[in-house]
Each structure stands twice: as structure tokens, then as C-alpha cells.
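Inspection log for the structure reproduced underneath, given as C-alpha cells.
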Amino acid sequence: MITKQLQIGHTTLSTTSNTVLTREPDREKTLLIDYLSVSFIDAAVADVANYLFPNLDLLVQKSFANGFATVLTNGKIFLHYGSDNDVVLLVIQSKGCRFLESLPLYTWQTFLQKLFDIDKYIEIDHFNFKRFDIAVDSFVKDTLTPNRVRRSFSSGLITSRFHTIRLIEEATISSKTSKGDSIYFGSRSSDLYLVIYNKALESRIQGEWFRTEIRCKNEQANRLIVTLLDEPEDFSTCVADLLQNRIQFRSSVHRKSEIRRSIFAVWYSRYLKYLRQQSLYSGTTATVQGGDLDD
Numbered sequence: 006m007i008t009k010q011l012q013i014g015h016t017t018l019s020t021t022s023n024t025v026l027t028r029e030p031d032r033e034k035t036l037l038i039d040y041l042s043v044s045f046i047d048a049a050v051a052d053v054a055n056y057l058f059p060n061l062d063l064l065v066q067k068s069f070a071n072g073f074a075t076v077l078t079n080g081k082i083f084l085h086y087g088s089d090n091d092v093v094l095l096v097i098q099s100k101g102c103r104f105l106e107s108l109p110l111y112t113w114q115t116f117l118q119k120l121f122d123i124d125k126y127i128e129i130d131h132f133n134f135k136r137f138d139i140a141v142d143s144f145v146k147d148t149l150t151p152n153r154v155r156r157s158f159s160s161g162l163i164t165s166r167f168h169t170i171r172l173i174e175e176a177t178i179s180s181k182t183s184k185g186d187s188i189y190f191g192s193r194s195s196d197l198y199l200v201i202y203n204k205a206l207e208s209r210i211q212g213e214w215f216r217t218e219i220r221c222k223n224e225q226a227n228r229l230i231v232t233l234l235d236e237p238e239d240f241s242t243c244v245a246d247l248l249q250n251r252i253q254f255r256s257s258v259h260r261k262s263e264i265r266r267s268i269f270a271v272w273y274s275r276y277l278k279y280l281r282q283q284s285l286y287s288g289t290t291a292t293v294q295g296g297d298l299d300d
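Using the numbering used here, you'd call the opening residue of the sequence shown number 6 and step up by one each time.
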């Protein structure tokens, strides 16, 4: 039932929506944009909505974001507004990313370029990339997994620019059933934050599904997005180089007294090679170019 509806240009804004989230993995989508957040400074929400999403039906609801009163949403795309300083906050979570990719002729390159061109079409002071997440999925055991990270950590085989690590296992007390297995590297307040977890366990599905999320903010997010726009064929290599630069898993077989001189573990070298072979899934016209961990 629609309890309120507004019209902003070609965008219908109403107050109800039904959302269905599918948990099953698409094994062809191995390199994904999984979260995007952008703040628009001194901008009107109607202008931002009409420019970025001219054909979407968006709902008027109470905002769940701190500092904002209201949100326009279809349950997948969120435009928060009603702050004291005329800021509009765009938040696209995982299901929103998959929704955008399902639109006809949509690609991330065209959408992100549209963001960069926004001041040519609407009145705005500037915009900032608040967060940009890249997800790397693999569907075999011989990959970067929480268990491998734990073993490397306990054996002193990790070198990293990150200063902290958090190892989290979640289970149900009554049944002793494991519900989650995650590793966090770095601080959430830093410009780059790494999460490695068992996606199959989290999603409660059978089989192997492990995910590495590289969560970027501010200037780090901006650099990755510029690479995607200017050199899309090099994007997966850029992501792999970024990961390799931040964290290294060393070999126990050829261990040196100074751990930083030890070569990479064979499995980690294979994982980085696998990552470099992938293509970003960008939309309905995109394809994945190659490589799995069994090659």
C-alpha cells in the first residue's frame, strides 16, 4: 500500500517496497563492486535523484543514517537527505549493486563516469567517495580462507602494513553450530580495511564460497575508481597489487630468519594470480575473462 507519493521529474517517490534477496552465488561473478557510498555537498536530493536514477521508483521513508531525517529508496538504492548542511548521501549496498548490474545496458564504468560529471548537470559544490568495496570470490578450498589466515598468523608467517588483526568465530550456544568465520585486518577508520570470511557459512548454503573484501575510503577509494575509469583492463591487477602491498603470507618451507625475506606461500601466489586473471563484473553486458584456482 502506498501511503505517500511524490513526483520529482521523471522519478516517482513512494513509501512502500518489496525486496527479495537471493543468497545463491553466481560463480561467474568473481570480482565485484559490493558497496558504494558518496556524499554530495550543497546539493538538492531531487537533482541528484533525477540525474543519477531518472527511471527508478524511489520511496520516501525515515532515514536510518545518522544525521539525516529522510531517505529516498527502492529498498536497494538509498539517497539520505534532510541534514542541517544540505548533504545528500548515496548508499548502495550489496543487493543494490546487484540490482544496478541487472539493469539493461548498465555498466559500472558508465555510472561512475556519470558521478564524475555531475557538476556539469546539476548545482553542487562537490562530492566525496565515502566508501568503495571490492569483493573477490572463490569457490574452492585452495584459496585465501580464514583458516589459512589463522594458521599463518599462529606460525608468524604474515607480514603486513596493517597493524591489527581481529579473528572472529560465531556459533550458536545451544547447538554449537558455527554461524560465521571472519578475519579483519586494519582499522575501520583507515582508508583501507580488509575482511576475509566464509561466505557460504554466512549465507547458510552448501559448498565452498570464500570472500575477500577490500574496503576503501576517501582518497584510496578515489584512486581505485579512477583506475577503473581510465584503465579498466588493468583494474584486477591494480586490486591484486594493492592486496599484495598491504599483506603478505610467507612460505614455511623456505622460511628465512628475517620473515620479510621469505618467499610467498605457494597458495598465496596462486591466489594473487587468480585475482589478476579476473574481470570486474560491471553489468549485464560484461563478461568474466578467465582463470580459476584449479588452473
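Using N, Cα and C, we set each Cβ at its ideal position, and we do this for glycine too. Keep in mind the model is a prediction, meaning the values are calculated, not measured.
Give the secondary structure of Arg281 by DSSP, where H, G and I count as helix, E and B as strand, and everything else as coil.
helix
What is the rounded straight-line gap between the Cα of Val154 and the Cα of Tyr40?
24 Å
Under the three-state reduction of DSSP, which class applies to Thr115: helix, strand or coil?
helix
Going by C-alpha to C-alpha distance, which of Phe134, Ala270, His131 and Ala140 sits closest to Ser99?
Ala140
Going straight from the alpha carbon of Gly288 to that of Ile230, what length do you get?
16 Å
For Gly87 and Thr177, I'd like the C-alpha separation in whole angstroms.
40 Å
Sorted by chain position, which residues of the same chain lie with C-beta nearer than 6 Å to Ala291's C-beta, five sequence neighbours on each side aside?
Here Ala291 scores only 43 on pLDDT, less than 50, and its place in the model should not be relied on; the value that follows carries that caveat. Spatial neighbours of Ala291 in its own chain (CB-CB distance under 6 Å, excluding positions within 5 residues in sequence) are not present.
Name, in chain order, the residues that DSSP records as bridge partners for Arg136.
The partner list for Arg136 (beta bridge, DSSP) reads Ser42.
How many Å lie between Val76 and Val50 at the Cα?
9 Å
Distance, Cα to Cα, Lys181 vs Asp130?
53 Å
Quick check on the burial criterion: 16 or more other C-beta atoms within 10 angstroms. Buried or exposed for Arg193?
exposed
Note down, in chain order, each residue of its chain lying with its Cβ closer than 7 Å to the Cβ of Asp186, except the 5 sequence neighbours on either side.
These residues qualify, in order along the chain: Pro151, Glu174, Tyr202, Asn203 and Leu206.
Between Arg220 and Val244, which are expected to be in contact by the criterion C-beta below 8 Å, what is the C-beta distance as a whole number of angstroms?
Rounded, the Cβ-Cβ distance is 12 Å, inconsistent with contact.
Using beta-carbon positions only, say whether Ser165 and Phe144 come within less than 8 Å of one another.
no
How would you write the range of the beta strand (DSSP E) that Val65 sits in, first residue to last?
Leu63 to Lys67
Measure the alpha-carbon distance for Leu117 versus Glu238 and round it to whole angstroms.
16 Å
List the whole-angstrom C-beta distance separating Val271 from Ser284, where the pair is believed to meet the contact cut-off of C-beta under 8 Å.
Contact flag wrong, Cβ pair sits at about 25 Å.
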